[in-house]
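Colleague: In the working numbering, the protein residues as written are 56 to 748.
All C-beta atoms in this analysis are idealised placements derived from N, C-alpha and C, irrespective of residue type, glycine included.
Right, I'll just put the structure down here and ask away after.
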């Protein structure tokens, strides 16, 4: 930790130089986030905590940097839902991390989370110390509660990535400079840290205002609901499974819970009580269908549009990311992909596994929000006079959809999206409550089932049977979390705390093989689709959701659709469109005179000869065979037969197969980077490495 805890002078500059402060608290305007305000010009923390207003400014500065890019980029993939679409190779650290292939020296591991979290922790420690010396008041107590919750969130992130980590709860300048643990602290038991921050959160929940009482117009700052939701989440992690080993010997790494069963029971009860406090508070609810949009679509469209009044009831905490100084890359990596035009050229670096896309029940409105079977590309050359199309893709390039660029407000920079980062939602509270009720009562209760059903009913699958046994109900919750929270970068560690990661990885590997072979649950999956040609609007705020398609299973229809008139005359192309329109009409869809359709073999590569010719027949020329997506997927087939009788490398084999680095009881956590200065294991000689590295 030397890179953080160097000298008191260095630390004071790190923490309280103007770049860390905010000067103006603007919580009543959505035009600019409070983290992007001009700097407060002070170098003395003692003077800051002589005034409640400047103390509040310091607390607001503690929010900055609490979600490093690595949390939603590298660690946002590999969760059996979202995967890396980087061009895979042993030299691509992002692709290796998504596949659990770690090492400390290349390094194929995260390198910035450790320093980022401890930088925020030091700021929060200074705030806790300074606020504790101020005269007690409801405002002072609320700020103290807020900053302790921020600190708890940072420790939670560190533990779920690294396991046991150094524990520091005092500012550096209040610590003994002669103590070697001041500059070079050792790992501390995660259970000790969890118990400390859970106690802090329990206290904070009593001292921080409800959102309705706060006067805030967004949930960018923590309120009682957010603190209780964070308390529930961390309590479940503290009670759950993780990769543990003997800190004294460095041996015996295995997935297990803490040893005190009574404490585990207490932690589940703490989580249950925290969820119940939010649910029974009566001020939060799931966003419901409005204006022709499903509730889930309405939630995420308005989230991308920054219409906070439409989403505040469900999003309990989000990180402010709007402005020249704070506009993060969140959403830049997870989208359908876009080439030139209004949206610029942005390569999609994550994709959705087709086994997940095909797992949704019929009528589940979440699928086409979380997943897109289209990407944005031009017809010819991308000139100003060209047209852009939402072009239908194949199973090897299903893309993330929650944070699609067309839904966003116009960004201020190409590498930003003006998107806040969602951290806690009411649907998470409902599913955590269903989980705690199931655990504490040895099976599902009426209250827990009702919580689960709220989520399902909003999604349009309230008719799906609810299991009655404890284990089956937990399995249903695991699946529900996958359907609900794709792209929100928590599923990977949720599966770990529920001791489901190894089994889910194996199930996903098998599911992808079954899909490739069209066996098992995918035996009846149609090979061909007819996509409707859809021109992209090329405007920000475009509400477009999904490309219309029909699936073809009848041999006669397939014969017609696959008879593509390659280099056909205008007459031949028109006759082909008429034949396709007849098929679509037979499937119960209305066809307008100007509608055009084109087939896709979903198991072939997007770039296959057949798929390319089909797009040419609908008007593509120069842009007929390219997408702004990593080559690892869109140029590869999904099908075993379509790949010449072997599984495609991105599914199995080679250096690109799914989860090729995963080793149970080893890769559930990440090693500390140790390649150079600035990496934890290099800077701190007292810091031990994760066993096995």
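Enumerate, from N- to C-terminal direction, the unbroken beta strand (DSSP E) stretches of 3 or more residues contained entirely within the region 557-636.
Modeller: The qualifying runs are 583-587, 604-607.
Colleague: In whole angstroms, what separates the C-alpha of residue 665 from that of residue 333?
Modeller: Computed Cα separation, rounded: 54 Å.
Colleague: Compute the Euclidean distance between the alpha carbons of residue 750 and residue 127, then round it to the nearest angstrom.
Modeller: Only positions 56 to 748 of the chain appear in this structure, which leaves residue 750 out of reach.
Colleague: Ignore the nearest five residues each way along the sequence and tell me which others in residue 705's own chain have a CB closer than 8 Å to its CB.
Modeller: Only 143, 451, 687, 688, 691, 711, 712, 713 meet the Cβ criterion.
Colleague: Measuring straight from C-alpha to C-alpha, what distance separates residue 546 and residue 536?
Modeller: Cα to Cα, the separation comes out at about 8 Å.
Colleague: Could you give the DSSP three-state label for residue 484: helix, strand or coil?
Modeller: The answer is helix: DSSP assigns residue 484 an H, G or I state.
Colleague: Can you confirm whether residue 125, when its beta carbon is compared against all beta carbons of chain C, has any partner nearer than 8 Å?
Modeller: Going by chain labels, chain C is absent from the structure shown, which holds only one protein chain.
Colleague: Drop a sphere of 10 angstroms on the beta-carbon of residue 390, count the other beta-carbons inside from all chains shown, and report buried for 16 or more, exposed for fewer.
Modeller: Result: buried.
Colleague: How many whole angstroms separate the CB atoms of residue 281 and residue 371, which I take to be in contact at a CB cut-off of 8 Å?
Modeller: With a Cβ gap of about 5 Å, residue 281 and residue 371 count as contacting.
Colleague: On the DSSP bridge assignment, give the partners of residue 479 in chain order.
Modeller: BP columns for residue 479 point to 372.
Colleague: Under 8 Å, do residue 583 and residue 551 count as touching if we go by C-beta distance?
Modeller: No, these two residues do not count as a Cβ contact at 8 Å.
Colleague: Between the region 240-247 and the region 191-207, are three or more C-beta pairs nearer than 8 Å?
Modeller: Touching, no, given that fewer than three Cβ pairs across the two stretches are closer than 8 Å.
Colleague: Could you please give the first and the last residue of the uninterrupted beta strand (DSSP E) stretch that includes residue 405?
Modeller: Per DSSP, residue 405 belongs to the beta strand (DSSP E) from 405-407.
Colleague: Cα separation between residue 521 and residue 422?
Modeller: Residue 521 and residue 422: Cα-Cα distance of roughly 20 Å.
Colleague: So residue 405 and residue 131 are in contact, right, with Cβ under 8 Å, and what is the actual spacing, rounded?
Modeller: Between residue 131 and residue 405 the Cβ distance is about 7 Å, and since that is below 8 Å, they are a contact.
Colleague: Can you tell me whether residue 203 is buried or exposed, with buried defined as 16 or more other CB within 10 angstroms of its CB?
Modeller: So residue 203 ends up on the buried side.
Colleague: Quick check on DSSP: helix, strand or coil for residue 671?
Modeller: It is helical.
Colleague: Which whole-angstrom value describes the C-beta separation of residue 432 and residue 681, a residue pair presumed to lie in contact below a C-beta threshold of 8 Å?
Modeller: About 7 Å; that satisfies the 8 Å criterion.
Colleague: Is the beta carbon of residue 506 less than 8 Å from the beta carbon of residue 485?
Modeller: Result yes, Cβ atoms of residue 506 and residue 485 sit closer than 8 Å.
Colleague: In this structure, how does DSSP classify residue 509 when only helix, strand and coil are distinguished?
Modeller: Three-state DSSP puts residue 509 in a helix.
Colleague: Exposed or buried, residue 86, counting other C-beta atoms within 10 Å across all chains shown (16 or more means buried)?
Modeller: The pLDDT assigned to residue 86 is 37, lower than 50, so where the model puts this residue is not dependable, and the model offers no usable value.
Colleague: Which residues mark the beginning and the end of the beta strand (DSSP E) in which residue 121 is found?
Modeller: Note, residue 121: premise wrong, no beta strand (DSSP E); not H, not E.
Colleague: Residues in the same chain with beta-carbon distance under 7 Å from residue 747, minus the five sequence neighbours each way, listed in chain order, please.
Modeller: Excluding residues within five positions, the ones whose Cβ falls inside 7 Å are 308, 721.
Colleague: Find out if the Cβ-Cβ distance for the pair residue 200, residue 139 is shorter than 8 Å.
Modeller: No, the Cβ-Cβ distance between residue 200 and residue 139 is not below 8 Å.
Colleague: Does DSSP classify residue 77 as helix, strand or coil?
Modeller: Bear in mind that a pLDDT of 30 at residue 77, under 50, signals an unreliable position, so the model cannot answer this.
Colleague: According to DSSP, residue 426 sits in a beta bridge with which residue or residues?
Modeller: Answer is 455, bridged to residue 426.
Colleague: Classify residue 738: buried if its beta carbon has 16 or more other beta carbons within 10 angstroms, exposed otherwise.
Modeller: With 16 or more other Cβ atoms within 10 Å, it is buried.
Colleague: Between which two residues does the alpha helix (DSSP H) containing residue 447 stretch?
Modeller: From DSSP, residue 447 is part of no alpha helix (DSSP H) but of the beta strand (DSSP E) over 443-447.
Colleague: Could you tell me which residues DSSP pairs with residue 652 in its beta bridges?
Modeller: In the DSSP output, where bridge partners are listed per residue, residue 652 has 587.
Colleague: Please name the residue in 184, 150, 119 whose C-alpha comes closest to that of residue 105.
Modeller: It is 184 whose Cα lies nearest to the Cα of residue 105.
Colleague: Would you kindly work out how many angstroms separate the C-alpha atoms of residue 442 and residue 435, rounded to a whole number?
Modeller: For residue 442 and residue 435, the distance between alpha carbons rounds to 8 Å.
Colleague: Would residue 269 and residue 369 qualify as a contact pair, given that the criterion is a beta-carbon distance under 8 Å?
Modeller: No, Cβ-Cβ distance for residue 269 and residue 369 is not below 8 Å.
Colleague: Between residue 119 and residue 175, what straight-line distance do the alpha-carbon atoms span, to the nearest angstrom?
Modeller: Rounded to the nearest angstrom, the two C-alpha atoms are 8 Å apart.
Colleague: In the DSSP assignment, find the beta strand (DSSP E) that holds residue 230 and state where it starts and stops.
Modeller: Residue 230 -> no beta strand (DSSP E), and no H or E assigned at all.
Colleague: For residue 194, name the three-state secondary structure that DSSP assigns.
Modeller: Residue state, collapsed to three classes: helix.
Colleague: Roughly how many whole angstroms lie between the Cα atoms of residue 215 and residue 367?
Modeller: Residue 215 and residue 367: Cα-Cα distance of roughly 27 Å.
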